[in-house]
């Protein structure tokens, strides 16, 4: 999906990027108690990132803009989240908050997305076919393959964010 530097989730492109975007990287840890009241912390690896922030909708249609975002939230399920200057990730729209009501054409909102690894599937074949809508990033997240690997095995595809033409074979390994 081409977003021209705008934040997007699934097929929704934010009309204006949120004014605040926070990306929290996390590690899962476990505490192990040892004798004499001491403990040892063990790093169990990456946990999904948390993406949160705040933004505003402006203009006479700001309530309608918020309504579209709320409909996307109510839809549920995961999808590709594109954040300016970050690699796309598969996420769940976890929280939507109305912070300020429509006062003089402005609605302020807050949001939270949580990265999900549950969509990753086992690949039992070596290629798939483009449909004119998905990019290499989409295939990477759909099949759990590093986009760098897809770029290596598909040297004719120059940009991982460009939609693959319908009918074009994309090698997965």
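In my numbering, the protein residues as written are 673 to 845.
Ideal Cβ placement from N, Cα and C applies to all residues, glycine included.
Start and end residues, alpha helix (DSSP H) containing residue i
| i | result |
| --- | --- |
| residue 758 | Taken as a continuous stretch (DSSP letters only), residue 758 belongs to no alpha helix (DSSP H), as it is neither H nor E. |
| residue 688 | Unbroken run through residue 688: none, as it is neither H nor E. |
| residue 824 | 819 to 825 |
| residue 810 | 808 to 815 |
Cβ distance (whole Å) where residue i is taken to contact residue j below 8 Å
| i | j | result |
| --- | --- | --- |
| residue 721 | residue 693 | Their Cβ separation, rounded to whole angstroms, is 12 Å, which puts residue 721 and residue 693 out of contact at 8 Å. |
| residue 783 | residue 753 | Actually they are not in contact, since the Cβ atoms of residue 783 and residue 753 sit about 10 Å apart, beyond 8 Å. |
Where residue i falls, given that 16 or more other Cβ within 10 Å makes a residue buried
| i | result |
| --- | --- |
| residue 826 | buried |
| residue 713 | exposed |
| residue 801 | exposed |
| residue 762 | buried |
| residue 812 | buried |
| residue 794 | Because residue 794 carries a pLDDT of 45, less than 50, the predicted location of this residue cannot be relied on, and the following value inherits that uncertainty. So residue 794 counts as exposed. |
| residue 755 | buried |
Residue i CB to nearest heavy atom of the ligand SAH below 7 Å
| i | result |
| --- | --- |
| residue 832 | This structure lacks the ligand SAH, and indeed carries no ligand of any kind. |
Paired residues, beta bridge with residue i - DSSP
| i | result |
| --- | --- |
| residue 737 | Paired residue(s): none; residue 737 is not in a bridge. |
| residue 763 | 751, 787 |
| residue 701 | 715 |
| residue 836 | Residue 836 is not bridged to any residue. |
N-terminal and C-terminal residue of the beta strand (DSSP E) that residue i is part of
| i | result |
| --- | --- |
| residue 841 | 841 to 843 |
| residue 776 | Run containing residue 776: none; DSSP gives neither H nor E here. |
| residue 801 | 799 to 801 |
Cβ pair count under 8 Å reaching 3, the region 808 to 817 against the region 829 to 836:
Between the region 808 to 817 and the region 829 to 836 there are three or more inter-stretch CB-CB distances shorter than 8 Å, so the stretches are counted as touching.
Taking 8 Å as the cut-off, does the region 742 to 749 touch the region 722 to 734 (at least 3 CB pairs, one atom from each stretch)?
No, because fewer than three Cβ pairs between the region 722 to 734 and the region 742 to 749 fall closer than 8 Å, the two stretches do not touch.
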